[in-house]
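Going down the list, the protein sequences come from chains G and V. Its first residue numbered 0, the first sequence is counted upward by one per residue in numbering that gives the first Met the number 0. Its first residue numbered 0, the second sequence is counted upward by one per residue in numbering that gives the first Met the number 0. Here the structure comes first, spelled out in structure tokens, and everything after it is commentary.
Number of protein chains: 2
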Amino acid sequence: MARVLKTADAAAPAADAPAAAAQGGQELSYGLLPQVLGYHLRRTQVAIFRHFSRTVAAAEDITPGLLGMLQVIAANPGLGQSRLAEAMEVDRSTIVKVVDQLEGRGLIVRQPSPHDKRSHCLRLTDEGRAALRRMQALMLQHEDEFTRVLTAEERRCLIDLLARLHGRTNPASRS
Amino acid sequence: MARVLKTADAAAPAADAPAAAAQGGQELSYGLLPQVLGYHLRRTQVAIFRHFSRTVAAAEDITPGLLGMLQVIAANPGLGQSRLAEAMEVDRSTIVKVVDQLEGRGLIVRQPSPHDKRSHCLRLTDEGRAALRRMQALMLQHEDEFTRVLTAEERRCLIDLLARLHGRTNPASRS
DNA sequence: TATTGTTATACTCTATAACTATA
DNA sequence: TATAGTTATAGAGTATAACAATA
Numbered sequence: 000m001a002r003v004l005k006t007a008d009a010a011a012p013a014a015d016a017p018a019a020a021a022q023g024g025q026e027l028s029y030g031l032l033p034q035v036l037g038y039h040l041r042r043t044q045v046a047i048f049r050h051f052s053r054t055v056a057a058a059e060d061i062t063p064g065l066l067g068m069l070q071v072i073a074a075n076p077g078l079g080q081s082r083l084a085e086a087m088e089v090d091r092s093t094i095v096k097v098v099d100q101l102e103g104r105g106l107i108v109r110q111p112s113p114h115d116k117r118s119h120c121l122r123l124t125d126e127g128r129a130a131l132r133r134m135q136a137l138m139l140q141h142e143d144e145f146t147r148v149l150t151a152e153e154r155r156c157l158i159d160l161l162a163r164l165h166g167r168t169n170p171a172s173r174s
Numbered sequence: 000m001a002r003v004l005k006t007a008d009a010a011a012p013a014a015d016a017p018a019a020a021a022q023g024g025q026e027l028s029y030g031l032l033p034q035v036l037g038y039h040l041r042r043t044q045v046a047i048f049r050h051f052s053r054t055v056a057a058a059e060d061i062t063p064g065l066l067g068m069l070q071v072i073a074a075n076p077g078l079g080q081s082r083l084a085e086a087m088e089v090d091r092s093t094i095v096k097v098v099d100q101l102e103g104r105g106l107i108v109r110q111p112s113p114h115d116k117r118s119h120c121l122r123l124t125d126e127g128r129a130a131l132r133r134m135q136a137l138m139l140q141h142e143d144e145f146t147r148v149l150t151a152e153e154r155r156c157l158i159d160l161l162a163r164l165h166g167r168t169n170p171a172s173r174s
């Protein structure tokens with residue numbers, strides 16, 4: 000578990016308005032927002048999504064969401080759609096279109112389950128495995144670029160703090 | 000600027016599939032995802048959004064986005080819509096509906112600008128100021144609850160790392 | 001010409017509810 | 001009864017393109 004070292008004490012910022020920020024070329028105030036975690040989370044997610052779009056998506060026409068699904072299917076061959084939905088914490092009905100898209104692009108197949116005629120077993124095709132390898136390489140490069148402003152330790156610490164907040168244990172930091 | 004102290008070296012996790020995770024009650028694998036910052040960002044944002052919905056939104060019928068806009072308007076009286084759009088990094092056309100909603104609820108007004116007949120000056124109403132005070136109190140409580148699993152230093156460190164990533168300077172940590 | 005606010009439109013992501021075929 | 005997948009539908013949230021009024 001990474002820990003954090005305080006160096007500079009964050010001076011409490013003035014929470015009120017900067018008199019006349021509205022007209023001139025002055026900088027405008029964000030009020031309490033800079034102290035709000037949710038604000039920084041959203042800003043960071045928008046930034047990383049745009050970086051992903053310019054790098055990974057530009058080359059491979061994929062979204063972070065679809066690539067995540069593809070990775071989970073690859074890591075769990077034969078997974079059913081309902082269990083995939085649970086894993087990604089989205090509704091079963093949302094998964095249908097995701098799987099439609101990945102199957103439509105020839106990256107995965109829906110196979111009939113040998114044990115349950117209602118269920119589909121999801122598996123990557125050969126093409127899907129090749130595409131995943133390419134996409135993962137691009138994605139790791141994109142993440143490296145995006146986090147270039149952080150040290151490796153800071154990056155690990157950040158992931159660790161986020162993992163603690165969203166509650167899923169982070170296998171990468173189990174000692 | 001907060002720094003980070005390494006304590007446990009994160010052992011590189013196996014990136015490949017866990018043989019037969021698909022059928023039984025076994026735990027399923029997330030592949031490379033636990034090493035991916037974007038994945039943890041999204042997960043955390045979903046978690047904090049749900050917490051916000053159960054706490055702040057349940058009491059005041061507001062979204063994080065609308066509350067953020069309200070705070071920026073409050074902090075910059077007389078702000079125009081285009082500058083608000085720039086500040087929040089969304090399109091001007093997106094702002095229109097946001098302002099419509101806030102105005103429709105009586106929280107802000109569009110006033111004609113004295114200097115530019117095209118432009119609207121956005122201002123909080125008395126009711127808007129009162130609502131903002133209530134909402135901010137709830138929001139700060141919500142953030143405290145959500146980050147209860149972190150120490151105050153860890154929370155500051157997290158915000159600092161995120162602020163560095165999305166590039167906006169974080170006024171709360173200027174020494 | 002450029003900018004402010006606006007409208008019409010569309011796209012993505014997501015959820016709810018109801019359906020079918022199994023179990 | 002309950003579950004797996006599906007469909008129809010709707011609601012956010014966002015963007016693009018074009019427009020009128022004004023700068």
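The C-beta atom is built at its ideal place from N, Cα and C for all residues, glycine as well. Given the structure is predicted, the values throughout are model-derived calculations rather than measurements.
I want to see whether chain V comes within less than 9 Å of residue i, judged by CB atoms only; does it?
i, result
"G:PRO63", "yes"
"G:VAL35", "yes"
"G:ARG53", "no"
"G:ALA86", "yes"
"G:ARG154", "yes"
"G:GLN110", "no"
"G:PRO17", "Confidence at G:PRO17 is low in this model, with a pLDDT of 43, below 50, so the placement of that residue is unreliable and no value is reported for it."
Going along chain V, which residues have a C-beta under 7 Å from residue i?
i, result
"G:SER28", "ALA74 and ASN75"
"G:GLY67", "LEU32 and TYR38"
For residue i, which of the options has the nearest alpha-carbon?
i, options, result
"G:GLU102", "G:LEU65, G:GLY37, G:THR150 and G:LEU164", "G:LEU65"
"V:PHE145", "G:LEU131, G:LEU164 and G:HIS39", "G:LEU164"
"V:ARG132", "V:VAL45, V:TYR38 and V:ALA74", "V:ALA74"
"V:PRO111", "V:LEU78, V:ALA130 and V:ILE94", "V:LEU78"
"V:SER52", "V:ARG42, V:ALA151 and V:PRO63", "V:PRO63"
"V:SER81", "V:ARG104, V:HIS50, V:HIS119 and V:ARG167", "V:HIS119"
"V:ASP143", "V:LYS116, V:HIS50 and V:TYR38", "V:HIS50"
"V:GLU88", "G:GLU153, G:LYS116, G:THR43 and G:ARG167", "G:THR43"
Might you give, ordered along the chain, the residues of its own chain that have their beta carbon closer than 8 Å to the beta carbon of residue i, omitting 5 neighbours on each side?
i, result
"V:MET134", "VAL55, GLU59, ILE61, LEU66 and LEU69"
"V:ILE107", "LEU69, ILE72, VAL98, LEU101, LEU121, ARG122, LEU123, THR124 and GLY127"
"G:ALA9", "Unreliable positioning characterises G:ALA9 in this predicted model, as indicated by a pLDDT of 36, which lies under 50. A coordinate reading is not provided."
"G:ARG154", "THR146"
"V:HIS141", "HIS50, PHE51, THR54 and VAL55"
"V:THR93", "ALA84"
So which residues on chain G does residue i lean against when the C-beta distance must stay under 9 Å?
i, result
"V:LEU164", "HIS39, ARG42, THR43, ALA46, ILE47, PHE145, THR146, VAL148, LEU149 and LEU157"
"V:VAL71", "LEU27, SER28, TYR29, GLY30 and LEU32"
Just checking: is the beta-carbon of residue i within a distance shorter than 9 Å of some beta-carbon in chain G?
i, result
"V:ALA21", "Caution applies to V:ALA21, whose pLDDT of 41 falls short of 50 and renders its modelled position unreliable; the value that the coordinates give is listed next. Yes, V:ALA21 counts as interfacial toward chain G."
"V:LEU78", "yes"
"V:ARG167", "yes"
"V:ILE94", "no"
"V:LEU101", "no"
"V:LEU160", "yes"
"V:LEU139", "yes"
Going by beta-carbon coordinates alone, are residue i and residue j separated by less than 9 Å?
i, j, result
"V:PRO33", "G:ALA136", "no"
"G:LEU139", "V:LEU160", "no"
"G:LEU157", "V:LEU31", "no"
"G:ILE47", "V:LEU27", "no"
Residues in its own chain within less than 7 Å of residue i by CB, not counting five upstream and five downstream?
i, result
"G:ASP90", "ALA84"
"V:PRO76", "ARG122"
"V:ALA86", "VAL71"
Identify the contact partners of residue i in chain V, using a Cβ-Cβ distance below 9 Å as the criterion.
i, result
"G:ARG117", "Those within 9 Å of G:ARG117 in chain V number zero; the least Cβ separation is about 14 Å."
Whose C-beta lies closer than 6 Å to the C-beta of residue i among residues of the same chain, with five residues either side of it excluded?
i, result
"V:ARG173", "Reliability fails at V:ARG173, whose pLDDT of 41 lies under 50, so the model's placement of it is uncertain and no value is given."
"G:ALA130", "LEU106"
"V:LYS116", "none"
Along chain V, which residues have their Cβ under 8 Å away from the Cβ of residue i?
i, result
"G:GLU142", "VAL35, LEU36 and GLY37"
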